[in-house]
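So for the sequence shown, our numbering puts the first residue at 738; every next one is plus one.
All remarks here apply to the structure that follows.
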Amino acid sequence: MSILILIIAVFITAFISGVFGMAGGLILMGVLAMILPVSAAMVVHGVVQTVSNGWRAILLGKWIDWRILGIYLTGSAMAATVLFFAAFQLPKPWLFIALGLVPAVIWIPKNWLRLDAGNPVQAAICGFLVTGLNTVAGVSGPLVDVFFVAAPRDRRMIVATKAATQVVSHLVKVAYYIAPAMAAGALPQTHWLLIAGPLAIIGTTLGARLLEVMSDVQFRNWTKWIVTGIGAIYVVRGLLLLTGN
């Protein structure tokens with residue numbers, strides 16, 4: 738039953754990711770954290786999101802800002818180096834709370850925090866912070882958005898470039914958690930990937946088509962409220978787990 742839930746969740750979240758980028762990954766991470774140990778949830782989420790984001794980056798390849806991506810990789814590499822020397826894993830209640838609080842960054846007033854991935858230094862900082870947060874909390878899409886909202890950008894450029902950056906961050910996450918997940922024997926059987934992989938691609942493709950008919954204003958408004966609602970649910974879930982409910 739858990740594998741069926743996982744496969745359904747992969748398709749739905751891939752579709753949502755194809756439209757809004759980060760929202761799908763946030764949903765999937767929460768579903769996985771409910772049915773798998775933390776290390777296994779991180780690995781499965783990383784694999785699925787690598788496929789989903791990778792396919793989305795291919796579909797929207799002409800919209801990728803390669804300059805931003807290249808600088809982002811520098812920061813991501815620094816974060817991966819730091820993580821290599823650290824051994825850290827959030828308990829499940831705090832994982833849900835962290836997941837729920839991540840979307841709060843998109844509500845920071847623009848005049849409080851003026852970040853722009855178009856700035857080389859800030860693009861590197863983005864890579865470092867996003868890769869680190871993605872490894873610790875499992876998702877980091879809202880934080881990526883903070884670096885993209887400072888300047889007017891086409892929604893397709895935002896989704897495409899974010900997808901490319903997230904492929905890197907998720908691969909780092911998989912590398913970080915794969916050993917403890919395998920040692921605990923917590924990973925689901927690999928044959929589910931034969932179904933989940935194509936479903937992630939199909940869902941992402943359908944979502945990308947919906948993205949094309951949305952306006953930039955609709956994209957930003959819907960994204961903000963969807964991830965905020967999901968985040969609130971996760972915070973409540975984490976608090977209930979802390980109290981033993």
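All C-beta atoms in this analysis are idealised placements derived from N, C-alpha and C, irrespective of residue type, glycine included.
As the structure is a computational prediction, the values presented were derived from the model and not from experiment.
Taking all protein chains shown into account, do 16 or more other C-beta atoms lie within 10 angstroms of the C-beta of residue i, making it buried, or fewer, making it exposed?
i      : result
LYS899 : buried
PRO935 : exposed
ASP891 : exposed
LEU806 : buried
ASN790 : buried
VAL819 : exposed
GLY981 : exposed
ALA823 : exposed
TRP844 : exposed
VAL909 : buried
Considering only residues of the same chain and omitting the five flanking positions on each side of residue i, which have a CB-CB separation below 6 Å?
i      : result
ILE744 : ILE932, ALA933
ALA746 : LEU765, VAL768
LEU959 : With the sequence shown as reference, residue 959 is identified as Trp, and Leu is not the correct amino acid for it. Same-chain partners within the cutoff: there are none.
ILE895 : PHE885
PRO840 : PRO879, VAL964, THR965, GLY968
PRO774 : ALA923
GLY940 : PHE748, ALA751, PHE752
ALA854 : ILE805, ALA860, CYS863, PHE884, PHE885
ASP988 : Nothing about residue 988 can be reported from this structure: the residues present for the chain run from 738 to 982 only.
Does residue i have its Cβ less than 9 Å from a Cβ in chain B?
i      : result
ALA814 : Among the protein chains of the structure shown there is no chain B, as only one such chain exists.
Between the Cα of residue i and the Cα atoms of the options, which residue gives the shortest distance?
i      : options                        : result
VAL911 : PRO879, ALA874, ILE939, VAL883 : ALA874
MET779 : ARG804, LEU866, THR818, PRO828 : PRO828
TRP803 : THR965, VAL950, ALA897, VAL784 : ALA897
LEU797 : VAL842, ARG946, MET951         : ARG946
PHE865 : VAL842, PHE821, THR811, VAL904 : THR811
LEU870 : ALA860, ASP853, THR787, HIS907 : HIS907
THR787 : ILE895, ILE938, LYS961         : ILE938
PHE885 : VAL876, THR902, THR872         : THR902
VAL882 : PHE956, LEU773, SER952, HIS782 : First, the residue type needs correcting, since residue 882 is Asp and not Val in the sequence shown. Checking every option, the nearest Cα to that of ASP882 belongs to PHE956.
SER813 : PRO830, ALA835, HIS782, ALA860 : ALA860
MET951 : VAL909, GLY940, ARG893         : ARG893
HIS782 : THR872, GLU949, ILE795, ASP953 : THR872
VAL678 : ILE772, GLY762, LYS799         : Lying before the first or after the last residue shown, residue 678 is absent from the chain, which here runs from 738 to 982.
Which residues in the same chain have their Cβ closer than 8 Å to the Cβ of residue i, if we skip the five residues on either side of it in sequence?
i      : result
PHE833 : GLY767, ALA770, TYR971, VAL972, ARG974, GLY975, LEU978
MET738 : Per-residue confidence for MET738 stands at a pLDDT of 44, beneath the threshold of 50, marking its modelled position as unreliable; no derived number is given.
Ordered along the chain, which non-local residues of its own chain (more than five positions away) have a Cβ less than 7 Å from that of residue i?
i      : result
SER776 : GLN826, TYR914, PRO917, ALA918, ALA921, ALA923
ILE801 : ALA794, ALA897, THR898, ALA901
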